[in-house]
Amino acid sequence: MAMDAVELDDALETILSFVPTLVLKSAILLNIPDIIASAGANASLSVDEIAAKLPSESPNLHYLSRILTYLSMKGIFVQTQTSNNPSDIRYGLTDSAKRFYVRKNNPGSLVPLLLMQAHPVLMAPWHHLHECVLQDCNAFEKAHGKDLWTYGKDEPLVNNVVNDSMSTLTVLGMEQILSCYDGFKDLKTLVDVGGGKGTALAHILKAYPHIHGINFDLPHVVQTTPSIPGIENVGGSMFDSIPIADAIFFKNVLIDWDEESCLQILGNCHKALPENGRLIVAENITEESSRPNKPTEMVVDLVMIALANGGKERSEQEWRRLLQMSGFSVVKMMGLPGLFSKMKIIEAIKV
Ligand SMILES: C[S@@+](CC[C@H](N)C(=O)[O-])C[C@H]1O[C@@H](n2cnc3c(N)ncnc32)[C@H](O)[C@@H]1O
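So for the sequence shown, the working numbering puts the first residue at 1343; every next one is plus one.
This is how it looks when you write it as structure tokens:
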């Protein structure tokens, strides 16, 4: 069968689709977005000027320039040239690079997410995806002999990379959640189960300082959590028991787990809540009526196969079933506008 150049290009782009991620990671590790940003709001620098800020006496300028050229083609840097002289080429930041790849003074930076997803430990499970199909196994466990959450206990660096990454997305997500959901306002105590670094609670308490927040996560996670006024850090496992509070909040936690585990966790929520106690869940929810039609719509779901414990994105109907089986009645399901349009808030009460 004849193959045209475009087809071959498409195939090569798919085969080499790890390249943009890892080249961007190298630019981040070289701190290039921050080097350009610290030169001024709309600064653009030459290869020599960037190289002068690198921690090396003799950086390879050819490699550096090829990395910068490639990332300019990918829309990370803006390349400008005022003459035919190659030393006149300068590199600035696109708006999206300023927003997502500059680290300094930028709580919404996605750099921690990149450093997590492109970390060798987090990439290794992808090499076992086919075994998940053949053996119904956990890819992370296949790669490392234990699941992601247990792995962090013995590997503080990976523990930090994972917790920092989650926290970054939570900064962006909580702004959206608090702008359209006011169900926290009448609570006295709220426990965030799997709350990581306490970022979600910190945002909730900023809006509602009267709440006593309990950030509940595995002991090795809360040990590294910063102390935040109004928030008590409690270490434990949600599979054993959950601290008592007026309401329980979950964000991006139940998506990690299979049905049986979710039922066990939700059963412990039922025990921890008072009569009519509130469960507030923020998760990506798939549409019943439309199948995903772009690869980006399925990426998170596949990350769950590679990194999580049998978890997946669930539909509204699947959520209603899980909650009903655990003794909760759904009061509200509301979508979020803007950036997190796939995420919904589910409010349910204990019956
Ligand atoms: C995907 S992260 C979400 C973190 C946070 N809720 C957020 O949205 O940023 C899942 C969290 O569940 C925590 N976790 C995993 N197993 C747990 C367990 N058995 N008990 C309590 N927390 C657990 C992890 O440590 C991690 O912080």
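Ideal Cβ placement from N, Cα and C applies to all residues, glycine included. Computed from a predicted model, the values in this text were never measured in an experiment.
When DSSP states are grouped into helix, strand and coil, D1588 belongs to the coil group.
For K1484, the distance from the CB to the nearest heavy atom of ligand 1 is not below 6 Å. When DSSP assignments are scanned along the stretch 1612-1653, the uninterrupted stretches of alpha helix (DSSP H) that are 4 or more residues long and fall wholly within it turn out to be 1641-1649.
Listed in chain order, the non-local C-beta contacts of S1368 below 7 Å within the same chain comprise I1409, local neighbours out to five positions each way being set aside. Around the beta-carbon of Y1405, fewer than 16 other beta-carbon atoms lie within 10 Å, marking it exposed. Counting only unbroken stretches of 4 or more residues, the alpha helix (DSSP H) elements lying wholly within the stretch 1371-1415 are 1374-1379, 1389-1394 and 1403-1415, in sequence order. Ligand 1 has a heavy atom closer than 6 Å to the beta-carbon of K1593. In this structure V1463 is not in contact with N1505, their Cβ atoms being roughly 14 Å apart against a cut-off of 8 Å. For D1390 and L1396, the gap between their C-alpha atoms comes out near 10 Å. In the structure shown, Y1493 falls within a helical segment according to DSSP collapsed to helix, strand and coil.
Going by C-alpha positions, K1684 is about 21 Å away from F1526. In the three-state reduction of the DSSP assignment, M1685 falls in the strand class. Remark: the C-beta of T1567 is outside contact range of ligand 1, defined as less than 6 Å to any heavy atom.
Residue pairing by DSSP puts V1420 in a beta bridge opposite G1434.
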